[in-house]
């Protein structure tokens with residue numbers, strides 16, 4: 001049955017790659033025609049510069065996700081699952097943002113729309129900040145301080161947190177042997 005799941009992933013990856021290629025190349029083709037042939041918008045440099053991240057994302061998805069099948073139909077390499085979360089999602093987001101920005105720049109006849117591309121590094125910084133804070137809290141180096149930490153100013157060493165009445169009751173109850181009745 002493991003072969004069946006591999007075949008499903010191969011088919012899924014091929015379908016996803018085919019769709020993403022079709023969407024991207026049509027969008028880039030239409031944008032190139034409007035930029036170079038029609039002259040709308042007037043500057044073609046942003047189109048070229050801001051298409052590079054999408055092309056690099058497509059290249060990365062192609063290299064990691066494209067399944068390799070030999071002539072007899074045997075699967076040589078399945079390829080990375082393109083429906084997984086994480087970096088793969090971000091690659092797709094960059095591609096979709098590029099497609100959307102290309103179409104919006106044609107509709108509004110401006111290259112200023114590319115300033116919205118700053119959303120990508122801003123989002124990356126936001127995620128990185130959350131990751132760093134989570135690492136600090138995990139290692140005990142930072143995070144939110146408790147209100148009891150300021151009460152220890154005059155004492156040396158760390159103070160054990162006091163147990164609630166419920167915790168004391170549960171500990172006391174835990175020492176007794178448990179008897180089950182039918």
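Numbering (the UniProt record's numbering), first residue to last: 1 to 182.
Think of the CB as a built atom: it goes at the ideal place given N, C-alpha and C, for glycine as much as any other residue.
Note that this is a predicted model, so its numbers are computed, not measured.
Inset, instruction - Decide if the region 63–78 is in contact with the region 95–112; the criterion is three or more beta carbon pairs, one per stretch, under 8 Å apart. - result: no
Inset, instruction - With residue 75 as the anchor, note down where its beta strand (DSSP E) starts and where it stops. - result: 75–77
Inset, instruction - Could you have a look at residue 145 and say whether DSSP puts it in helix, strand or coil? - result: With a pLDDT of 49 at residue 145, under the threshold of 50, the modelled position of this residue cannot be trusted; read the value that follows with caution. DSSP places residue 145 in coil when its eight states are reduced to three.
Inset, instruction - Indicate whether residue 27 and residue 83 have their beta-carbon atoms separated by less than 8 Å. - result: no
Inset, instruction - Could you name each continuous beta strand (DSSP E) segment of 3 residues or more that falls completely within the region 34–109, going from the start of the chain to the end? - result: 75–77
Inset, instruction - Please report how far the alpha carbon of residue 132 lies from the alpha carbon of residue 34, in whole angstroms. - result: 43 Å
Inset, instruction - Answer yes or no: do residue 62 and residue 17 have a C-beta to C-beta separation smaller than 8 Å? - result: yes
Legend entry - Contact set for residue 24: own chain, Cβ-Cβ below 7 Å, skip 5 residues either direction: 54, 58, 95 and 99
Legend entry - residue 64 to residue 174 span [Cα, whole Å]: 54 Å
Inset, instruction - Give a yes or no on whether the C-beta atoms belonging to residue 81 and residue 9 are separated by under 8 Å. - result: yes
Legend entry - Nearest neighbour of residue 102, chosen from 178, 29 and 180 [CA to CA]: 29
Legend entry - Assigned exposure category for residue 50 - 16 Cβ within 10 Å defines buried: buried
Inset, instruction - Pull up the distance between the alpha-carbon of residue 39 and that of residue 139, whole angstroms please. - result: 56 Å
Legend entry - Per-residue DSSP class, three states only, for residue 164: coil
Legend entry - Distance between residue 37 and residue 44 (C-alpha atoms, nearest Å): 11 Å
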